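Notes to accompany the following structure.
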Amino acid sequence: MTDEEKENLKELKQYQSWFKRQISSKDWDLISDRMSDLHINIIGRVMRAKSPNELNYVIWKQLEYIKDVIRGKRKSL
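If you want this note's numbering, it's the 1-based position in the sequence shown plus 500.
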């Protein structure tokens with residue numbers, strides 16, 4: 501495994517960990533009801549991924565935006 505692959509795997513694990521904490525929170529049902537189906541689908545794909553290569557470029561580019569959306573929804577509760 502190259503250094504780049506290791507870095508990508510580390511980044512994937514960080515996103516999975518962050519999303520797992522959000523999904524486990526008491527507010528997740530309220531937050532997820534206010535999110536688009538596309539964002540929920542992307543979160544599901546990230547959580548199922550075993551390798552960074554399973555996620556395409558478009559998904560990688562949306563992850564920070566989705567985190568911002570979740571933070572915004574949490575603040576508005």
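Heads up, the beta-carbon is just placed ideally off N, CA and C, and yes, glycines get one too.
Bear in mind that the values here come from a model prediction, so they are computed numbers and not experimental data.
Using a Cβ distance threshold of 7 Å, V558 and Y515 do not count as a contacting pair. Following the DSSP letters along the chain, one finds D568 inside the alpha helix (DSSP H) bounded by residues 557-575. Between S551 and E511, the alpha-carbon positions lie close to 11 Å from each other. Note on the stretch 504-545: whole alpha helix (DSSP H) runs with a minimum of 4 residues are 528-533, in chain order. For I523, there are no CB contacts under 7 Å within the same chain when 5 residues up- and downstream are skipped.
The beta carbon of W560 sits closer than 6 Å to none of the beta carbons in its chain outside the five residues before and after it.
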